[in-house]
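Novice: Residues in the sequence shown are numbered consecutively from 18, following the working numbering.
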Amino acid sequence: VVYEQEGVFIHSSCGKNDDQDSLISGVLRVIEKENEVIVDWRPLDDTLDTSNILCAGKDSSSVVEWTQTPEEKCSRGADRPGSYEAEWDMVTTVSFKKKPHSNGDATTHANGESKWSFLFSLTDLKSIKQNKEGMGWSYLVFCLKDDVKLPALHFHHGDSKLLIKCLEKHVVLNESPQDKRILLVNSQNKSLSQSFENLFDEPSYGLLQKLKKDPYTVTLGRFSKVTNYIFDSLRLSDPSSQRRPPSEMADFLNDAIPGLKINQQEEPGFEVITRIDLGKQPEVSRREPVSAEEWAKNMDSEGRILNVDYIKQSIFKGGLCHTLRKEAWKFLLGYFPWNSTKEERANLQKRKTDEYFRMKLQWKSVSEEQEKRNSRLRDYRSLIEKDVNRTDRTNKFYEGEDNPGLILLHDILMTYCMYDFDLGYVQGMSDLLSPVLYVMENEVDAFWCFVSYMDQMHQNFEEQMQGMKTQLIQLSTLLRLLDSGFCSYLESQDSGYLYFCFRWLLIRFKREFSFQDILRLWEVMWTELPCQNFHLLLCCAILESEKQQIMDKHYGFNEILKHINELSMKIDVEYILCKAEAISMQMMNCKELPQAVSEILGIESSSVTPDSDTGEDESGAVLSCPTSLYQSISTPVIAANGTRDSTQQMSETQSLTPA
Numbered sequence: 018v019v020y021e022q023e024g025v026f027i028h029s030s031c032g033k034n035d036d037q038d039s040l041i042s043g044v045l046r047v048i049e050k051e052n053e054v055i056v057d058w059r060p061l062d063d064t065l066d067t068s069n070i071l072c073a074g075k076d077s078s079s080v081v082e083w084t085q086t087p088e089e090k091c092s093r094g095a096d097r098p099g100s101y102e103a104e105w106d107m108v109t110t111v112s113f114k115k116k117p118h119s120n121g122d123a124t125t126h127a128n129g130e131s132k133w134s135f136l137f138s139l140t141d142l143k144s145i146k147q148n149k150e151g152m153g154w155s156y157l158v159f160c161l162k163d164d165v166k167l168p169a170l171h172f173h174h175g176d177s178k179l180l181i182k183c184l185e186k187h188v189v190l191n192e193s194p195q196d197k198r199i200l201l202v203n204s205q206n207k208s209l210s211q212s213f214e215n216l217f218d219e220p221s222y223g224l225l226q227k228l229k230k231d232p233y234t235v236t237l238g239r240f241s242k243v244t245n246y247i248f249d250s251l252r253l254s255d256p257s258s259q260r261r262p263p264s265e266m267a268d269f270l271n272d273a274i275p276g277l278k279i280n281q282q283e284e285p286g287f288e289v290i291t292r293i294d295l296g297k298q299p300e301v302s303r304r305e306p307v308s309a310e311e312w313a314k315n316m317d318s319e320g321r322i323l324n325v326d327y328i329k330q331s332i333f334k335g336g337l338c339h340t341l342r343k344e345a346w347k348f349l350l351g352y353f354p355w356n357s358t359k360e361e362r363a364n365l366q367k368r369k370t371d372e373y374f375r376m377k378l379q380w381k382s383v384s385e386e387q388e389k390r391n392s393r394l395r396d397y398r399s400l401i402e403k404d405v406n407r408t409d410r411t412n413k414f415y416e417g418e419d420n421p422g423l424i425l426l427h428d429i430l431m432t433y434c435m436y437d438f439d440l441g442y443v444q445g446m447s448d449l450l451s452p453v454l455y456v457m458e459n460e461v462d463a464f465w466c467f468v469s470y471m472d473q474m475h476q477n478f479e480e481q482m483q484g485m486k487t488q489l490i491q492l493s494t495l496l497r498l499l500d501s502g503f504c505s506y507l508e509s510q511d512s513g514y515l516y517f518c519f520r521w522l523l524i525r526f527k528r529e530f531s532f533q534d535i536l537r538l539w540e541v542m543w544t545e546l547p548c549q550n551f552h553l554l555l556c557c558a559i560l561e562s563e564k565q566q567i568m569d570k571h572y573g574f575n576e577i578l579k580h581i582n583e584l585s586m587k588i589d590v591e592y593i594l595c596k597a598e599a600i601s602m603q604m605m606n607c608k609e610l611p612q613a614v615s616e617i618l619g620i621e622s623s624s625v626t627p628d629s630d631t632g633e634d635e636s637g638a639v640l641s642c643p644t645s646l647y648q649s650i651s652t653p654v655i656a657a658n659g660t661r662d663s664t665q666q667m668s669e670t671q672s673l674t675p676a
């Protein structure tokens, strides 16, 4: 029981106030069960007439409609509280019209309890109607999805707002555009929000040490619960049915996510991408990070970058030294134009500083009373405070409860809500901001870099989850081309949806790598080399690295979830970058690359045989990122096995001088 309130009345007639039959006192409870949340009202008086009952079960066919009979309607007396408010939907005497029951459920309680009792699952709730403030007792009217209205519950001994707050933990409640007193229910989005919340609640490592009594069940609990929330919110079906035979998976996914066609090889017009020989993955090496001296040499006297392609390729191959990140990230994220002068950038920063503090003043000047009337701003603040308190404290920049870094993190996120009030704040955004703020060490620069980053990432956080759906489809397409056998194995274990990659995609691996490694990974991805959607190839590289263990040990659905979750903080970032780059080269060198893959990677021709020097095939088709870019660096490198070799150089290297 997560909520309990006595003194919640049903007004069953329009009789006098002292007429005991007109006011039925009861107890309202909200009960969490394993797979659902139940709202339950029961009268305190067991001597009530048992000929009437309201019971809304999970199957809407068992709902008993509550209807008024015209002859029983009467006007309320002026002496009743709130008598001037014509808002008593269920106060008058009622009669019941029982629906036929297709499932054979009885409409009476077997234990003989009072049949004024009713209960329903939150999955059946459509809307909640509230009274106007100051109009007598507060009350709520629940409307179910088949438009059945339950009797109004009047809170004589307490405020109904506590109940609303309790329900908001399980469903999203939005004000109706037509009537602000009506709260519309959107349970699917809340399931997704809960999945984010549970996803970030607890570090993925260390679970095995927590409970030794039943490690298998307990260690899976956190992550499998998260995945099931996502699983259920996408497929819109009964959470109790969590597995299906492999033969049903394709149809199942198509029904769950419109447009999602994973492994639907018999679907007309869907391109089959199996049994294509990609050839051997090439050997790939990495170089030393770009130094401040190398950066300065590629800048003219006015501060313009002379050779943008060279700089981007150098960053892709080796990343940046930390002292250079504060400046270079502003270019990589699009805050600074690559062709801008030092003076132009200074003027831009001045304008952006004024704009930032004007927006910050907007929410800073909102009084407590004003915020109480703005539910969205209030909700944004609550979510931000919760996420900020969960910020990774392993970095000194965010150590301590009253650390200035945490305060700035909060202020920037609140200001972003002013910048994009429609999107507002969604859990997970703080993970994208914290490394940016750490590198910038400046509130204004961090904000505008974060805005640019969110321009790339906003689809991940939109209500319809279209960005996440698209990425899961694309990842499945790439993985099937890379290793159709592994894909088939995952599908046989109900894991073909790749939902265990959800967190990777949502916050760009932020929780999978150490703080310092994520700085390197992100700056490499921001170069947008060597192709579009390189982050999906990083996913493929990680999965391919774990394929042998997953298949050799015959991992099932839960074991796969557990294994993938426990990779957090154990992945070698340099090795994965090498492997992902090798996969990109392997695919771009494929002579018969499927059109779907070409579009995902941004390759202009679907049948390419790039020349090692020019990046052109015999017909002149050009890759969007010519392979010659890979051959422009002559510096110490890191091999794909992660070892550093100061003597090894890339073949046919050539030095690039500033233009």
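By construction, the Cβ of each residue, glycine as well, lies at the ideal position given by its N, Cα and C atoms.
Can you list, in chain order, the residues of its chain whose CB lies under 6 Å from that of Ile617, leaving out five sequence neighbours each side?
Specialist: Taking the sequence shown and counting its residues from 1, one reaches residue 617 at position 600. Contacts found: Gln491, Asn550.
Novice: Nearest-angstrom Cα distance between Arg342 and Asp294?
Specialist: Locating residue 342 in the sequence shown gives position 325, where the first residue counts as 1. Locating residue 294 in the sequence shown gives position 277, where the first residue counts as 1. Approximately 40 Å between the Cα atoms of the pair.
Novice: Rounded to the nearest angstrom, how far is the Cβ of Met605 from that of Ile620, given a contact under 8 Å?
Specialist: Counting from one through the sequence shown, the residue named residue 605 turns up at place 588. Counting from one through the sequence shown, the residue named residue 620 turns up at place 603. Right, the Cβ-Cβ distance comes to about 6 Å (below 8 Å), so this counts as a contact.
Novice: Along the beta strand (DSSP E) that carries Asn191, what are the first and last residues, could you check?
Specialist: Here the question's residue 191 lines up with position 174 in the sequence shown. It spans 189-192 - the beta strand (DSSP E) in which Asn191 sits, taken as one unbroken run.
Novice: Mind checking which residues open and close the alpha helix (DSSP H) that includes Trp521?
Specialist: The residue given as residue 521 occupies position 504 in the sequence shown. Element bounds for Trp521: 519-523.
Novice: Within 8 Å of any Cβ in chain B, is that where the Cβ of Thr340 sits?
Specialist: Included in the structure is just one protein chain, with no chain B present.
Novice: Grab me the residues of Pro748's own chain with a C-beta within less than 7 Å of its C-beta, minus the 5 sequence neighbours each way, in chain order.
Specialist: Only positions 18 to 676 of the chain appear in this structure, which leaves residue 748 out of reach.
Novice: Could you pull out every residue in the same chain whose Cβ sits closer than 6 Å to the Cβ of Glu635, ignoring the five residues on either side in sequence?
Specialist: In the sequence shown, residue 635 corresponds to position 618, counting from 1. The pLDDT assigned to Glu635 is 38, lower than 50, so where the model puts this residue is not dependable, and the model offers no usable value.
Novice: Let me confirm a value: Val54 is counted as buried when at least 16 other C-beta atoms fall within 10 Å, else exposed. Which label applies?
Specialist: Residue 54 sits at position 37 when you count from the first residue of the sequence shown. Buried: at least 16 other Cβ atoms inside 10 Å.
Novice: Are the beta-carbon atoms belonging to Val590 and Arg537 less than 8 Å from one another?
Specialist: Taking the first residue of the sequence shown as position 1, residue 590 is located at position 573. Taking the first residue of the sequence shown as position 1, residue 537 is located at position 520. Their beta carbons are under 8 Å apart, which means Val590 touches Arg537 by this criterion.
Novice: Buried or exposed for Asp141, going by 16 or more other Cβ atoms inside 10 Å?
Specialist: For the purposes of this step, residue 141 is taken as the residue at position 124 of the sequence shown. Buried is the call here.
Novice: Any idea what DSSP makes of His339, helix, strand or coil?
Specialist: Within the sequence shown, numbered from 1, the residue matching residue 339 stands at position 322. In this structure, His339 counts as helix in the three-state DSSP scheme.
Novice: Excluding five sequence neighbours on each side, which residues of the same chain lie with their C-beta closer than 6 Å to the C-beta of Thr291?
Specialist: In the sequence shown, residue 291 corresponds to position 274, counting from 1. Bear in mind that a pLDDT of 47 at Thr291, under 50, signals an unreliable position, so the number given afterwards is only what the model happens to contain. The answer, listed in chain order, is Ser501.
Novice: Roughly how many angstroms separate the alpha carbons of Glu361 and Ala313, rounded to a whole number?
Specialist: Counted from its first residue, the sequence shown places residue 361 at position 344. Counted from its first residue, the sequence shown places residue 313 at position 296. When rounded, the distance between both Cα atoms is 18 Å.
Novice: How close, in whole Å, do the beta carbons of Cys183 and Val47 come, if the pair is a contact with beta carbons under 8 Å?
Specialist: Locating residue 183 in the sequence shown gives position 166, where the first residue counts as 1. Locating residue 47 in the sequence shown gives position 30, where the first residue counts as 1. That belief holds up - the Cβ atoms of Cys183 and Val47 are roughly 5 Å apart, short of 8 Å.
Novice: Which residue's Cα is closest to the Cα of Ser134: Val56, Ser177, Asn191?
Specialist: Here residue 134 is taken as the residue at index 117 of the sequence shown, counted from 1. Here the closest residue by C-alpha is Val56.
Novice: Per DSSP, what kind of secondary structure is Arg59 in: helix, strand or coil?
Specialist: Locating residue 59 in the sequence shown gives position 42, counting from the first residue. Arg59: strand per DSSP, three-state reduction.
Novice: Got a sec, what are the start and stop residues for the alpha helix (DSSP H) Gly422 sits in?
Specialist: Mapped onto the sequence shown, residue 422 falls at position 405. Where Gly422 is concerned, the enclosing alpha helix (DSSP H) stretches over 421-436.
Novice: If I follow the unbroken beta strand (DSSP E) through Glu23, where does it start and stop?
Specialist: Mapped onto the sequence shown, residue 23 falls at position 6. Taken as a continuous stretch (DSSP letters only), the beta strand (DSSP E) holding Glu23 covers 20-28.
Novice: Pick helix, strand or coil for Ser177, following the three-state DSSP scheme.
Specialist: Locating residue 177 in the sequence shown gives position 160, where the first residue counts as 1. Coil, per DSSP.
Novice: If I'm right that Leu449 touches Met474 with Cβ under 8 Å, what's the distance once you round it to whole angstroms?
Specialist: On the sequence shown, residue 449 is found 432 positions in, with the first residue counted as 1. On the sequence shown, residue 474 is found 457 positions in, with the first residue counted as 1. With 8 Å as the limit, Leu449 and Met474 qualify as a contact, their Cβ atoms being about 6 Å apart.
Novice: State whether the stretch 566-585 contacts the stretch 457-475, with contact taken as three or more CB pairs (one from each stretch) at a distance under 8 Å.
Specialist: Output reads no: the stretch 457-475 does not touch the stretch 566-585.
Novice: Identify whether Asn203 lies in helix, strand or coil by the three-state DSSP scheme.
Specialist: Numbered from 1 along the sequence shown, position 186 holds the residue referred to as residue 203. Correct three-state label for Asn203: strand.
Novice: By how many angstroms is the C-alpha of Arg398 removed from the C-alpha of Leu430?
Specialist: By 1-based counting over the sequence shown, the position of residue 430 is 413. By 1-based counting over the sequence shown, the position of residue 398 is 381. Computed Cα separation, rounded: 9 Å.
Novice: If I follow the unbroken beta strand (DSSP E) through Ser585, where does it start and stop?
Specialist: Within the sequence shown, residue 585 is the residue found at index 568, counting from 1. It is not in any beta strand (DSSP E) - Ser585 carries neither H nor E in the DSSP assignment.
Novice: In whole angstroms, what separates the C-alpha of Ala599 from that of Asn459?
Specialist: In the sequence shown, residue 599 corresponds to position 582, counting from 1. In the sequence shown, residue 459 corresponds to position 442, counting from 1. Each residue's Cα considered, the two are about 37 Å apart.
Novice: Looking only at its chain, what residues have a beta carbon closer than 7 Å to the beta carbon of Ser512, apart from the 5 residues adjacent to it on each side?
Specialist: Numbered from 1 along the sequence shown, position 495 holds the residue referred to as residue 512. Hits under 7 Å: Phe574, Ile577.
Novice: Could you say which of Ala169, Asn148, Leu180 lies nearest to Val19 if we only look at CA atoms?
Specialist: Here residue 19 refers to the residue found at position 2 of the sequence shown. It is Leu180 whose Cα lies nearest to the Cα of Val19.
Novice: Under 8 Å: do the stretch 538-558 and the stretch 344-357 share three or more Cβ pairs, one atom per stretch?
Specialist: Because the criterion of three Cβ pairs below 8 Å is met, the stretch 538-558 and the stretch 344-357 touch.
Novice: Please confirm whether Leu522 and Met485 have their CB atoms less than 8 Å apart.
Specialist: Counting from one through the sequence shown, the residue named residue 522 turns up at place 505. Counting from one through the sequence shown, the residue named residue 485 turns up at place 468. In contact: Leu522 and Met485 (Cβ atoms closer than 8 Å).
Novice: Go through the stretch 549-619 residue by residue and report every complete run of the beta strand (DSSP E) that reaches 3 residues or more, in order.
Specialist: Runs of the beta strand (DSSP E) inside the stretch 549-619: none found.
Novice: Using only the alpha-carbon positions, how far apart do His28 and His171 sit?
Specialist: The sequence position of residue 28 within the sequence shown is 11, counting from 1. The sequence position of residue 171 within the sequence shown is 154, counting from 1. In a straight line, the C-alpha of His28 is about 8 Å away from that of His171.
Novice: Could you check where the alpha helix (DSSP H) with Glu319 kicks off and where it finishes?
Specialist: Counting from one through the sequence shown, the residue named residue 319 turns up at place 302. That residue, Glu319, is in no alpha helix (DSSP H); it is neither H nor E in DSSP.
Novice: What are the boundary residues of the beta strand (DSSP E) that Lys143 is part of?
Specialist: By one-based count along the sequence shown, residue 143 stands at place 126. It spans 142-147 - the beta strand (DSSP E) in which Lys143 sits, taken as one unbroken run.
Novice: Please name the residue, chosen from Val456, Lys389, Glu563, Cys548, that lies closest to Val614 on a Cα-to-Cα basis.
Specialist: Position 597 of the sequence shown, counted from the start, is the residue given in the question as residue 614. Answer by Cα proximity: Cys548.
Novice: What are the start and end residues of the alpha helix (DSSP H) that includes Val468?
Specialist: Working through the sequence shown from its first residue, we reach residue 468 at position 451. Per DSSP, Val468 belongs to the alpha helix (DSSP H) from 460-474.
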